[in-house]
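Protein chains in written order, with UniProt numbering: chain A, 1 to 829; chain B, 1 to 338; chain C, 1 to 234. Just so you know, even glycine gets a beta-carbon here, dropped at the ideal spot from N, CA and C. All values reported here derive from a predicted model rather than from experimental measurement.
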Amino acid sequence: MSKQSSITPQEQQKLLDNSISIIKSEIYQMRKCLDNKHKLMDALKHASNFLNELRTSSLNPKQYYELYILIYDGLNYLTLYLKDNGNNNNNNKSNTNYLIDLYELIQYAGNIIPRLYLMITIGSIYLNNKDAPINEVMNDMLEMCKGVQNPIRGLFLRYYLIQRTKNYLINSASSNDDKTTDNIINFIINNFIEMNKLWVRLQFQGHSSEREKRIIERNELKILVGSNLVILSQLDSINLKKYNELILPEILKQIINCNDSIAQNYLLDVIIQIFPDNFQISSLKIFLNSLLMVNMNVNITLLINSLIDRLIHYKLRNNDILNDNSFLNEFIKFIKKLNEMNVEFSINDYCLILNEILKLSLIFNNDDNYEIINLIYQLSIEKYELSKDKKDSDKFKIILKSIKNFKNFQDFLKINDENYFKLFNLQSMKVKNEISNIIINKIIENNIIIENEDELDRVFKYFNKSILFKDGVLSNEHISDTKLDLFGEINNKTTKLSLDDNDKSQKDMKFKNNLKISKFINFVYNKDINIQRKLLEKIENYLSNGNEECQIDIIPTLIYKYMKLLTDMKSISNEEENIDVKEMNKIFNKISKLIEIIKEAEPIEAIRLNLDNAILSNSINLNNITYEYFIETFIIYEELIIENKIQYESLIIIINTLMSMDNMIINDIEEFDKLILKATLYGSRLMKKSDQCRAIYKSSHLWWINKDSEEGEGDDDEGEEDTTPITLKRDDKRVLECLQKSLRIADSISDRNIAIELFIEILNESVYYFIHGIESVSIRYLNGLIELISNSFKENGRSEIQYGYYERTLKYIKAQRPIDSRFFDIVTV
Amino acid sequence: MSFFFKSPLDIEINFDGEDSREIIEVNSTKGRKERLPVYKDGETVKGTLIVRTRDNKKVEHNGVRVQLLGTIETHHEGNINNDDFLSFAQELAAPGTLQKSINYPFEFRNVEKMYESYRGMNVRLRYYLKVTVSMKSSDIIKEREIWVYQYSNLNNLLAESDSKTTQIPVDKNQSNDKDNNNNNNNNNNKSQSPPSSAISTVKMDVGIENCLHIEFEYSKNKYPLKGVIVGRIYFLLVRLKIKHMELSLIRRETVGSGTNQSSESKTVVRFEIMDGAPVKGETIPIRLFLGGFDLVPTYRDVNKKFSTRTFLSLVLIDEDARRYFKQSEIILYREEEK
Amino acid sequence: MLIVVLSDLRIPTSTASLPPQFAALLKQKSRIDKVLLLGDSITELNNKSKLILKLELGLVNEDKGEDGDEEEKEEGTSDELLDIISPIPNSVIKIDGLSIGCCSSLHVPRGDPLTLLSISRQLNVDILLVPPSGPIGKSAMGGTIGGINGGSEAYTLDDTLFVCPGSATGAFIPGNDNNNNDSDNKETRPPSFCLLETIPEGPDNTLAQCTLYIYTLDPNTNQVSIDKLSYTKK
């Protein structure tokens, strides 16, 4: 058992505190000797005393570092003193001799640790002296450091060496002297190699049960090793040639040979982080080759990630500098070799790496990239085919998702996606859906208009295999994947529970997916109506091969696109004064067929679509088509709308829509009358009397229809707001009939509060007609209504809501008197 | 001797040019520092003797004599042996009376001083001037030691060298007696003799089978006293948990000859050259400046009385504080400074 | 309180999403107290519109990647912080002492102030929120603002504030003559919505009041303009 393992943390702390106080006191003594008495020998003795504290084996690296820092400061003081002393001495020669003597003198120190720290301290000062045999001194310090073979002490000693000489190294290497630069590079690399050896060796110190502890310690010490590389990277005079021929091969050789995963992980990453971007690119081949040789516990994937991240940022920062993308091939070669060498290489990591390469490739514009991208997809498939477990397919998801990174997503519509599509088809339905969603999101985000059939086919190719897929009973697949217990049996109870849950989220998921496709359809557009029509027909065709839910969810959007197409056709026809009725009829027919598909599932939606098409066809003056749409609406109303409330609401929309059928009224009043009679009849057949009442008084408007006057007027007088309506249809008698009928129905309601409310509504409706001058609604009629209402209040009491409504109505009537004198005759008491 | 009473005479021995002469500080037997003038072989010892009488009394004497003596004083098994190997004498005054002070110049011309002064554990080799004023009762004697350096250079050293390098296997010193196994049987003794020309590097290949195998190399086996030992240790096999490694210089003093011979060793220098355990393939540098240590040249059979030899010892200490060492002799010589 | 009033989204049938400028404004959830999505003509369709609006505003997760996907998620997506109300037709909401009536296109067949007045009397409200009228989607209130029919509109009549927020997407409406003829797939109805800031009756007997902001996106310049109108309860 080594000493270190048997020591408790408390004891360690005590030792540390003790060492710290010794060091502080010895430093104090040393300074006193230097400052007051210039007793250098005594000062050195004190220095040697505090340096002796670094001989300990009982502290952990952090504690040892605390001592190191104190000592560094102490030796710094000594350094400054010696430098000053040298500078005061005008005679350079004697200064040199003085340092040489000192350098020899301190070598009598019996213990190696103090001896070497002092040697480095004095040697480093010596380096700044031009006449000094610099190279010999450097090599001597380096060589002598070999005497410290204890990993922790050795690492700190050599760290001291590099810290002390740092300024010299950086300053001298920036001179143009090539030889000096080479010496300096060799010096640092040599120190790096030795430090790495020590660092790796630390792993094998002590008992094997302390492995974890060693790993922690090593991680605490890694920066010391890396500092060599950091200084290398700070040398100005290093050019690409030196880096590629001298520095990198040496460093990599050491890193590979040590075959230690901690060292390899850390140091390779340091290389990636500290050397300049263009160095990284020019050395890619060497570097990647080294990655093939590392210990199997090294996380190659992470390293590749950080390398590629670095290159991506480089490219993004300096788009103009980095145009040649041929280095991408190095990555491809790398991953190929990696796979050859280790067929078992984790699919996950393989995909992560491929994905990184893809990311990098995608930020380049060049067309050559498409080949690389396609190649990456191919490599993915090849890897997948090697895999024994077909469930691995999901792991390729990230490769597929990488299309997100297309610099210009339009490119996705152009590339050879043969391999991509193959890979896509290997995926589970869930992943396929996800990818389709990404495609759509990117199209929407980038506002990409799909304007030809090729592009449409390209995109739907993916939708057909995913969201639209007919046989994809998602829930089954899901259960078989996840709900099997240990013995491969489905646990009935839990499955049932989760099935419901599953069902709901499945439905939710499908709705969202279909919504996405619907949104996408908004991006299919070509100005040319013939092409647009072809595009829409293509979509229709795709949908017809899709599953039922998607048809129901997506068809309304497709219908609106057809309607938009019709609107465009109409406006073009208006210009050319030549309406292609035949073609329009065909499209309206298509729409009807589409509505037919969804009406069972979505009757309300179907009604609305029919009515919207009635409006559209009316605006094009295709009255027989308009008529058809109303008939279809009525059929759905009769057959498929069952709930009272919806019946009422549907009927009101029908009435409202009928009111806007201006062209039909003008050109085909007979058909129109049939429709409004039918609608009024529906009103009287509603279940609730209050609904009947309201539907009928609203129907009254069907016999008194006006059209906004601006319509049809020239653009030249748009400033003038002429609101006098043109009367299209006016049948005063029918209007009154409707009001009377609704009044009777209201009166028959036993809940008097409701009856009174309806009375007031009818009063308001009547005032509306009165204002507009419908003769059948007379002052007498209005006074009768008011009397009826006030009597009803007397009988039933004044319910607050209804009475408020009544009062507000009367107030309104009074307010009309100054404008319209007829109102004086209305009794409002 | 007659130190019990106050001597009626005061004798002072002065050397010519003493102020400019090289002085050596040596530890006296009484633990004090003594400062002695240094003389070379063949150098004239010249000076002046001052004899003063106390209180201006007249003192009768039977003659004044000065001697230059070289003596080897050995302690051996409790016996002290003095053996003069050199003796010169000069009569400075015939019997007569002394009053006040009188100066007597003296000179021993070109004295051959065969050996170097030495103060060891059981041996002292000293040169001294002895002034004797013969009296009726007892003689008055005054001594003053001088220190002699014997310089040589590498060439004449080589000429006389028998190039004999002692071969010593790595010894395992059971300072930890608990595990007193017979490991030493396995000692692998493969020491190589250095070539007889003896200036080339010294290489030794030593080890314990399956445990340790090192190659030990240093530049040469002869060093001037102010020289530097430079070398390296190459680790071919390391299965020991080495804690550190040090070099020591051991002076071995041998007294007597034949069956009467006895030796005593003293570690003059201990110098840590490695901290921690190396791995196979590691090379550890050695550099030891000798000038600052209290070393003496190698002497063999000085006047058939004694020898002083110096051994370089490489000591490995493992985590259990066991020591493994390898010794080899180095020849030290005093080189005249340019 | 700050209340956003939206209507007539027509997502996804006529357009893919809210204009990004509006979406950005509306996603500042912390500042908005309520979102009123004025009712569809048929009540039952409201829930679907509401869900779609929530998706648009990122109030529900679009993708529940259960394998801890790196899918970019909006902050606070899981918690429904924003209160989206799709009021039933002819309902009244009382906020800060103001009665706000919400009607659906069901009740306003024509662009006709007389009808609106009638409804305001019936509901007895201070403010009446009106969606674009009927299936035609014309301005519910008969008038025009800025010469564009079917856009947002607001006026005070008979002590009542009438507000039509217009269409939040400005999407295509079949048969509406205001639809584009310039065949560049842009709608001529400018997208718009309203923001109501209500201030309750003060301690010094100031009356409850509100400020109405109408946000309109100019499709040509892509700039959002804001019109302001103040109303004090009588």
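The three-state secondary structure of aspartate 178 of chain A, taken from DSSP, is helix. Under DSSP, proline 37 of chain B forms a beta bridge with B/Ile23. By the beta-carbon neighbour count (other beta carbons within 10 angstroms, threshold 16), glutamine 532 of chain A is buried.
The Cβ-Cβ distance between phenylalanine 793 of chain A and leucine 782 of chain A does not fall below 8 Å. Between arginine 270 of chain B and proline 224 of chain B, the alpha-carbon positions lie close to 19 Å from each other. C-alpha of isoleucine 223 of chain A to C-alpha of glutamine 10 of chain A: approximately 27 Å in a straight line. Short of 7 Å from the beta carbon of arginine 144 of chain B, and not among the five residues preceding or following it, lie these beta carbons of its own chain, in chain order: Ile13, Tyr128, Leu129. Nearest to isoleucine 184 of chain A by C-alpha distance, out of A/Arg55, A/Arg201, A/Trp199, A/Lys166, is A/Lys166. Here asparagine 522 of chain A really is in contact with proline 12 of chain C; their C-beta atoms are around 7 Å apart, less than 8 Å. Between leucine 212 of chain C and proline 19 of chain C a beta carbon distance of about 20 Å is seen, past the 8 Å cut, so the two are scored as non-contacting. With its beta carbon at least 8 Å from every one in chain C, isoleucine 467 of chain A lies outside the interface. Ranked by Cα distance from isoleucine 762 of chain A, the first of A/Ile789, A/Leu80, A/Asp751 is A/Ile789. Annotation: the continuous beta strand (DSSP E) that includes serine 307 of chain B extends over 306 to 318. Under the 10 Å beta carbon count, histidine 701 of chain A is surrounded by 16 or more other beta carbons and is classified as buried. Distance from the CA atom of valine 767 of chain A to the CA atom of proline 113 of chain C, rounded to whole angstroms, is 13 Å.
For a Cβ distance threshold of 9 Å, residue set Pro285, Arg287 of chain B lies close to methionine 144 of chain A, ordered along the chain.
Contact between the stretch 551 to 567 of chain A and the stretch 532 to 543 of chain A is present: 3 or more CB-CB pairs across the two stretches fall below 8 Å. Within the same chain, Cβ atoms closer than 7 Å to the Cβ of arginine 300 of chain B are found at Ser307, the five residues on either side in sequence being excluded. Straight-line measurement puts the Cα of methionine 429 of chain A at about 52 Å from the Cα of serine 699 of chain A. With its beta carbon less than 8 Å from one in chain A, isoleucine 273 of chain B belongs to the interface. Under the Cβ distance rule, proline 278 of chain B counts among the residues neighbouring chain A, one pair being separated by less than 8 Å.
Under the DSSP assignment, isoleucine 641 of chain A falls outside any alpha helix (DSSP H); it carries neither an H nor an E label. Within chain B, the C-beta atoms nearer than 7 Å to that of tyrosine 108 of chain A come from Phe289, Gly292, in chain order. Judged by their CB atoms, isoleucine 106 of chain A and leucine 118 of chain A are nearer to each other than the 8 Å cut-off. Residues of the stretch 186 to 206 of chain A with a C-beta less than 7 Å from any C-beta of chain B: Arg201, listed in chain order. Taking a cut-off of 8 Å for Cβ pairs, the stretch 82 to 99 of chain C and the stretch 204 to 211 of chain C touch, as three or more such pairs fall below it. At least one C-beta of chain B is nearer than 8 Å to the C-beta of asparagine 111 of chain A. With a threshold of 8 Å between beta carbons, lysine 590 of chain A makes no contact with chain C.
In this structure, isoleucine 597 of chain A places its C-beta atom within 8 Å of the C-beta atom of glutamine 551 of chain A. Taking all protein chains shown into account, asparagine 433 of chain A has 16 or more neighbouring C-beta atoms within 10 Å of its C-beta and is therefore buried. DSSP assignment within the stretch 377 to 457 of chain A yields the following whole alpha helix (DSSP H) runs of 4 residues or more, N-terminal first: 397 to 401, 418 to 425, 429 to 445.
For the set B/Ile11, B/Val255, B/Glu215, B/Gly96, the Cα lying nearest the Cα of asparagine 79 of chain B is the one of B/Val255. The alpha-carbon of lysine 83 of chain A is positioned some 14 Å away from that of tyrosine 168 of chain A. Under a criterion of Cβ atoms nearer than 9 Å, no residue of chain A is adjacent to phenylalanine 162 of chain C; the nearest Cβ is some 15 Å distant. With the criterion set as a beta carbon lying under 8 Å from some beta carbon of chain B, the members of the stretch 147 to 172 of chain A are Gly147, Val148, Gln149, Asn150, Pro151, Arg153, Gly154, in sequence order.
Collapsing the DSSP output to three states places serine 19 of chain A in a helix.
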